[in-house]
Amino acid sequence: MQQFIRENTVVQYEEVVTWNVQPNASLEYELFYAEVTDVDRYVAAIERVDSTRWHRITRIDGKSVYVFACQETRKEEVVLRRAFARLELVVVPPIVYDHEAAMEMTIIGEGDALRALVNSIPGQIDVTIKEIGEYDRPNARATGALTDRQFEVLRTALDLGYFEVPREASLAELATELGCAESTVSVTLRKAEAAIVSRAASRDRRR
Numbered sequence: 001m002q003q004f005i006r007e008n009t010v011v012q013y014e015e016v017v018t019w020n021v022q023p024n025a026s027l028e029y030e031l032f033y034a035e036v037t038d039v040d041r042y043v044a045a046i047e048r049v050d051s052t053r054w055h056r057i058t059r060i061d062g063k064s065v066y067v068f069a070c071q072e073t074r075k076e077e078v079v080l081r082r083a084f085a086r087l088e089l090v091v092v093p094p095i096v097y098d099h100e101a102a103m104e105m106t107i108i109g110e111g112d113a114l115r116a117l118v119n120s121i122p123g124q125i126d127v128t129i130k131e132i133g134e135y136d137r138p139n140a141r142a143t144g145a146l147t148d149r150q151f152e153v154l155r156t157a158l159d160l161g162y163f164e165v166p167r168e169a170s171l172a173e174l175a176t177e178l179g180c181a182e183s184t185v186s187v188t189l190r191k192a193e194a195a196i197v198s199r200a201a202s203r204d205r206r207r
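Reminder that position 53 of the sequence shown reads as 53 in the UniProt record's numbering, one-by-one numbering, no gaps.
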């Protein structure tokens, strides 16, 4: 699937939202979220993945989908998970892929274990460490209602001044910063705002 993402312009953003592994059966169940330019081509690519047993598609709109899939666990994934278990490391969902199939993940563990992991990665794989420190991502009730992508778009909009009065950034500028279509930014922002308002309103009703 990563090859399809690299060689085509269909997938703008994809994340593994969560997963569940059945080691005795060598199966795993995964929930993906994707922003694509062509849903049909994206689904066709999934169907060509040999390890996929079955999948279910939920279309959010014309450009984004959720995919619930069952696939056979591949040998390289078993090796990776054993390495994480040996080093006592935890991966924090989601795992994100950009439009070039570059993978981004948050890993929690002791400093020595994290260094050992990085040192064990083969030289032909490019690795960029974006941040090191205490894990302190906000998990407030309101932002807890957002997907990782919605949080990223909302954070970028805030940083660039989209919510200032008057506005200091346009949707087009946000789209350029995020590397996606202006329509995608618009839809994602509206969903993020709706999720936060809905969560806040629900909390007020319970008081």
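Yeah, the Cβ is synthetic: ideal placement off N, Cα and C, and Gly gets one too.
Residue of the options minimising C-alpha distance to residue i
i	options	result
E88	N24, A113, I5 and A34	A113
V92	R115, N8, D136 and A45	D136
A101	L160, E76, Y13 and A195	Y13
I121	T156, I196, E76 and V185	E76
V67	G179, F4 and W19	W19
T73	L117, D148 and T52	T52
R149	G123, T128, L189 and I107	L189
L158	I125, V17, P94 and E193	E193
Spatial distance of residue i from residue j (CA atoms)
i	j	result
Q22	A34	24 Å
S26	L80	14 Å
A140	R59	Because the pLDDT at A140 is just 49, under 50, the model does not fix this residue reliably, and the point stays unresolved.
E15	D98	9 Å
E152	K191	13 Å
V96	E104	5 Å
G133	E30	29 Å
I57	A44	11 Å
S198	T147	14 Å
Close-in-space but distant-in-sequence residues of the same chain around residue i (CB under 7 Å, 5 per side omitted)
i	result
E182	L171, A172 and A175
V10	V36, T37, D38, R41 and Y42
E177	T156 and L160
V185	V153, L171, L174, A175 and L178
C70	L27, Y29, R53 and W54
If you scan the segment 136-187 from start to end, which runs of the alpha helix (DSSP H) of 4 or more residues do you find wholly inside it? Within the segment 136-187, the complete alpha helix (DSSP H) runs of at least 4 residues are 148-160 and 171-178.
Are three or more beta carbon pairs between the segment 34-43 and the segment 57-64 nearer than 8 Å? Judged by Cβ distances under 8 Å, the segment 34-43 makes contact with the segment 57-64, as three or more pairs qualify.
Which full runs of the beta strand (DSSP E) of 3+ residues lie inside the UniProt domain "HVO-0513-like N-terminal" (34-135), going along the chain? The UniProt domain "HVO-0513-like N-terminal" (34-135) contains these whole beta strand (DSSP E) runs: 52-59, 64-72, 90-98 and 103-108.
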